[in-house]
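Participant: What follows is a single structure, and I will ask about it in a moment.
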Amino acid sequence: MIYEKSLSSPAYRRRSLRRGISLFGEKNGTISAYGLHFRQSDRGIVCAEGATSLGAEKELILTSGHAEEVFERTDGALLSPQGTRYPLPQAPDSLLSFAAKEGGKEYFALTEGGCYKLSEEGAEEAGSGGSCGAVHGERLFVADGSRLRWSAPLEPAATEEGTQAAGYADLPSADGDILGMFSYKDELFLFRERGIAVLGVRGDALSFTVMHIPAPRGIVKGSIHKCGGKLLFLAENGLYAFDGNTCKRLNAGGFQELDLSGTSTAACGNHYYATASFGGEKCIWCVSGEEGHLIRARAEKLCGGENLLFTAEGELFVLTERGLPPMRRKECVLRTEKSLLGLSSRQKYLDAILIEGKGHFRAEARGERGLPRAVFGRAGEKLRFPLPVRGSAFSLELKTLDEDACVKAVVFDVREEAATW
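This is the structure we're talking about:
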């Protein structure tokens, strides 16, 4: 006996699902995404900062101490923002600004070999060299290993030692050498390889008290900057904010995916910047508060101050509020993690999407099975894929060349296999 055969296709339920997108982590049911030249804003995810070329590359140095100014090193000299030329054959590790008692400013260049007072006639030796320096109160401080030297009050170039003059103290510690010093909240903080110490200075005779503060290991030299009213620095396991009492690790998006080896760092206002590599591509990591994002610029050296300046591919750039990437690759890219979209793990077909926001996009969707599908279109319109994307979970890649692009959420047009029990 031959029985008639019949085939029945699985039943699918059509769904329209709206999901928000957030950078570097799920928030309140949103889908996490990696962004390259996108940042989070109150309007949604928008294009990151742009950059304008200022011409040929220059070597820039930001002063610290009583004033922040950007100096240029050129032809064996340092050039001030006012155009004053200070001869100095050797590149300084840091440049300190000191408010002179007769008015005006004095500048001191610190190298490993010596500390030099700058003048238009040349550089005058003003003490031993070191790895870092700071201006605190009325004195100039220089650290070399675990030794701390200081100048006479109001006379940063005076090196003669005495009770009320210059002097030094050895501060050996298991926390290692001093990497950086900062005058902050009327205290002098010493950042060491494995900790932080606050130096209490009481009285004219400089009677020291040293208090150690718990801090993460592996503090990165050169990464410590005043930012948003705190001192921010990189360590082995993240970016930290120090308020004078405790260190707090910032949950800034993107850190785990970055290669920060050999990084150059800077700060401007409430923003902290570091050069990094993301997926093999050089970029700038920008952190504000707890939010982090990536600027698609192949930066090599950063310089803070009033605006962020950086060198890349032989040019000097200044960061702007918003814009497309300044290098050859102009696309802004957003890649979501694979998501079930809040549904079951049953088989699905993704037929179309709608991007809530602004701009033109190339959207590519992937499932576990079959080829990815791409479609071009504008935000606010239903973008139907040429063939359905098959899988139980989907990832989405959005690319745009629109400077004003914005992604608030994505609506997924999905058919899900109906339950059979």
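Remember, the numbering used here sits 1169 above the position in the sequence shown when you count from 1.
In this text, a Cβ means the ideal position worked out from N, Cα and C, and glycines have one as well.
As the structure is a prediction and not an experimental result, all values here were calculated from the model.
1) I'd like the span of the beta strand (DSSP E) that includes V1502, first residue to last.
2) Go through the stretch 1228-1288 residue by residue and report every complete run of the beta strand (DSSP E) that reaches 3 residues or more, in order.
3) Quick one: give me the first and last residue of the beta strand (DSSP E) that K1577 is part of.
4) Start and end of the beta strand (DSSP E) containing I1388?
5) Smallest Cα separation from T1569: which of I1214, Y1181 and R1188?
6) Would the beta-carbon of A1404 fall within 8 Å of that of V1389?
7) Do G1560 and E1537 have their beta-carbon atoms positioned less than 8 Å apart in this structure?
8) Considering only C-alpha positions, which residue in the set L1348, L1408, E1307 and A1521 is nearest to Q1333?
9) From this set, E1482, T1328 and M1380, which residue's C-alpha is nearest C1224's C-alpha?
10) According to the neighbour-count rule (16 or more other Cβ atoms, all chains shown, within 10 Å of its Cβ), is P1591 buried or exposed?
11) So if DSSP puts G1560 in a beta bridge, which residue, or which two residues, is it bridged to?
12) Applying the 10 Å Cβ sphere with the 16-neighbour rule, what's the burial state of E1585?
13) State buried or exposed for V1379, treating a residue as buried only when at least 16 other CB atoms are found within 10 Å of its CB.
14) Provide the residue span of the beta strand (DSSP E) that contains A1435, from first to last.
15) Using beta-carbon positions only, say whether H1462 and A1217 come within less than 8 Å of one another.
16) Does the beta-carbon of T1489 have 16 or more other beta-carbons within 10 angstroms, so that it is buried, or is it exposed?
17) Could you tell me if Q1425 is buried or exposed, where buried requires 16 or more neighbouring beta carbons within 10 angstroms of its beta carbon?
18) Could you tell me which of P1557, I1190, L1477 and E1329 sits nearest to A1540, measuring between CA atoms?
19) Distance, Cα to Cα, D1355 vs V1304?
20) Measuring alpha carbon to alpha carbon, tell me which of L1229, S1564 and Y1203 ends up nearest T1480.
21) Have a look at A1374 and K1286 and give me their C-alpha separation to the nearest angstrom.
22) Should S1300 be labelled buried (16 or more other beta-carbon atoms within 10 Å of its own) or exposed?
23) So, under 8 Å CB-CB, L1503 and V1576 are touching, yes? Tell me the CB distance rounded to an integer number of Å.
24) With hydrogens ignored, establish whether the beta-carbon of G1364 is closer than 7 Å to any heavy atom of the ligand FAD.
25) Please report the residue range of the beta strand (DSSP E) in which Q1209 lies.
26) Suppose the cutoff is 7 Å on Cβ atoms and the five residues either side in sequence are ignored; what does the same chain contact list for G1194 look like?
27) From the DSSP output, in three-state form, read off E1356 for me.
28) Residues in its own chain within less than 6 Å of W1590 by CB, not counting five upstream and five downstream?
29) Any idea if D1573 is buried or exposed, counting beta-carbon neighbours within 10 angstroms, 16 or more meaning buried?
30) Kindly indicate which three-state DSSP category E1426 falls into: helix, strand or coil?
31) Give the C-beta separation of L1523 and A1534 to the nearest angstrom, bearing in mind that I take them to be a contact with Cβ-Cβ under 8 Å.
32) Could you tell me the alpha carbon to alpha carbon distance between P1341 and L1348, rounded to whole angstroms?
33) How long is the line joining the alpha carbons of R1498 and L1192, rounded to whole angstroms?
34) In three-state DSSP terms, what is M1496?
35) Mind checking whether A1292 and P1256 have CB atoms under 8 Å apart?
36) Buried or exposed for S1392, please, with buried defined as at least 16 other CB atoms from any protein chain shown within 10 angstroms of its CB.
Facilitator: The short version:
1) C1501 to T1505
2) 1228-1231, 1239-1243, 1246-1248, 1254-1256, 1263-1268, 1274-1279 and 1284-1287
3) C1575 to E1586
4) Counting along the chain, I1388 falls outside any beta strand (DSSP E), and DSSP gives it neither H nor E.
5) I1214
6) yes
7) yes
8) E1307
9) The sequence given here places Gly at residue 1224; Cys does not occur at that position. Among E1482, T1328 and M1380, the Cα nearest to that of G1224 belongs to E1482.
10) This structure cannot settle anything about residue 1591, because the visible part of the chain is limited to 1170 through 1590.
11) K1517
12) buried
13) exposed
14) T1434 to C1437
15) yes
16) exposed
17) exposed
18) Looking at the sequence itself, residue 1540 is Leu, so the reference to Ala does not match. Out of P1557, I1190, L1477 and E1329, P1557 has the C-alpha closest to the C-alpha of L1540.
19) 11 Å
20) L1229
21) Its pLDDT being 49, under 50, A1374 is placed unreliably by the model, and nothing is read from it.
22) buried
23) 6 Å
24) No copy of the ligand FAD occurs in the structure displayed, which carries no ligand at all.
25) F1207 to S1210
26) S1201 and G1422
27) strand
28) Because the pLDDT at W1590 is just 48, under 50, the model does not fix this residue reliably, and the value given afterwards should be weighed accordingly. Taken in chain order, the list of residues that qualify is empty.
29) exposed
30) helix
31) That pair is no contact at about 13 Å.
32) 13 Å
33) 21 Å
34) coil
35) yes
36) buried
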